[in-house]
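Report on the structure given below.
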Amino acid sequence: MIAIIPARGGSKGLPKKNIKLLNGIPLICHTIKTALESKSIHRVIVSTDDEEIAKISKNCGADVPFMRPISLAMDDSMVMDTYFHVIDKIREETKSQIDSFVALLPTVPLRLADDIDNAVKIFKSYNADSVISVVKAPVPIEWHRKITNKGILENYLPEFNATRNRQEFKEAYVPNGSIYVFRVEPLRSKREYYNKKTYPYIMPSERSVDIDYSSDFEWAEFLLKKKLNE
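Heads up: the sequence shown begins at 3 in the working numbering, then just goes up one per residue.
In structure tokens:
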């Protein structure tokens, strides 16, 4: 199975974050290294529009067989279309059909190779259309609130009983952006990540840091150094 790592150059929240050094290593290289260690992945491909990202990715061991078109690297571009671009280009060049693939975002650097392998195992065991990594939500969804146009704080859900203990609520999970395993045909035809054959791969919070801002970066670096010291 191939792994696709999408990494465009135009980051707004944290400029050049994909190649910013995390514990002395470019951020994207943490994901490349983990993908190369995975037993489920036979080829690691980085899709980027940025020459510097491409050079660093190659030095870290990934393939960058072609550059991403600018039209797929805009702020409003859908990363799903980047996946299809990679799949279609590989099919043109190798004449081989790709039925499924793993997508790994470079902004979630603390995943393990075992995480990838376990997600792929779930994908194959259940003949899934997709497996998406998630992390347990810090609070039940019933605790969420919204602010109205008049500035009033209201329940996010229409029904909520504040007297219930936390243990009475169902656990909620949110995607952590770390691992996606997709079957190509349903993804292309429905253009949806989720359907009735989508299964979760649950990850702990300490491996689910998604870097958007400098504070996320600092937290990821702290966790990484803590792990190395242990």
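Where is the CB? At the ideal position from N, CA and C, for every residue including glycine.
Review point. Are Val136 and Pro177 closer than 8 angstroms when you measure CB to CB?
Key: yes
Review point. Taking the C-alpha atoms as reference points, what is the distance between Lys60 and Lys152?
Key: 53 angstroms
Point to revise | Among Ile92, Cys31, Lys126 and Leu29, the one whose alpha carbon lies nearest that of Met69 | key: Ile92
Check your understanding: Given 8 angstroms as the limit, is there contact between the stretch 200-220 and the stretch 121-140, that is, 3 or more CB pairs closer than that?
Key -> yes
Practice item. Evaluate His1 with the Cβ neighbour count: other Cβ atoms within 10 Å of its Cβ, from every protein chain shown; 16 or more gives buried, anything less gives exposed. Key: One cannot answer for residue 1 here, as it falls past the ends of the chain, which runs 3 to 232.
Review point. Across which residues does DSSP place Arg147 in a beta bridge pair?
Key: Asn157
Check your understanding: How long is the line joining the alpha carbons of Leu159 and Asp90, rounded to whole angstroms?
Key -> 42 angstroms
Practice item. Check whether the Cβ atoms of Ala5 and Val104 lie closer than 8 angstroms to each other. Key: yes
Point to revise | Stretch-stretch touch, CB-based, cutoff 8 angstroms, three pairs: the stretch 8-19 with the stretch 116-126 | key: no
**Study point:** Residue from Leu189, Ser216 and Ser73 whose Cα sits closest to the Cα of Asp52
**Key:** Ser73
**Study point:** Start-to-end residues for the beta strand (DSSP E) that takes in Ala5
**Key:** Ile4 to Pro8
**Study point:** Inside the stretch 38-103 only - alpha helix (DSSP H) runs reaching at least 4 residues
**Key:** 53-61 and 81-96
Review point. By the 10 Å Cβ neighbour count, where 16 or more other Cβ atoms means buried, how is Ser101 classified, buried or exposed?
Key: The residue asked about is misnamed: residue 101 is Asp in this sequence, not Ser. Under this definition Asp101 is an exposed residue.
Exercise for review: Throw me the rounded Cβ distance for the Gly179 and Asp212 pair, which I believe falls under 8 angstroms.
Suggested key: 5 angstroms
Check your understanding: Between the C-alpha atoms of Pro188 and Glu194, what's the straight-line distance to the nearest angstrom?
Key -> 8 angstroms
Practice item. Could you check what DSSP says for Lys22 in three-state terms: helix, strand or coil? Key: coil
Check your understanding: What is the DSSP secondary structure of Asn231, counted as helix, strand or coil?
Key -> helix
Check your understanding: Val136 bridges to which residues according to DSSP?
Key -> Pro177 and Ile204
**Study point:** Buried versus exposed call for Pro219 [16 or more other C-beta atoms within 10 Å across all chains shown]
**Key:** Reading off the sequence shown, one finds Phe at residue 219, where the question assumed Pro. Buried.
Check your understanding: Do Leu38 and Pro108 have their C-beta atoms closer together than 8 angstroms?
Key -> no
Check your understanding: Per DSSP, what kind of secondary structure is Ile118 in: helix, strand or coil?
Key -> helix
Practice item. Going by CA-CA distance only, name the one from Leu230, Glu232 and Asp214 that's closest to Lys14. Key: Asp214
Practice item. Can you grab the Cα-Cα spacing for the pair Lys126 / Gly11, in whole Å? Key: 33 angstroms
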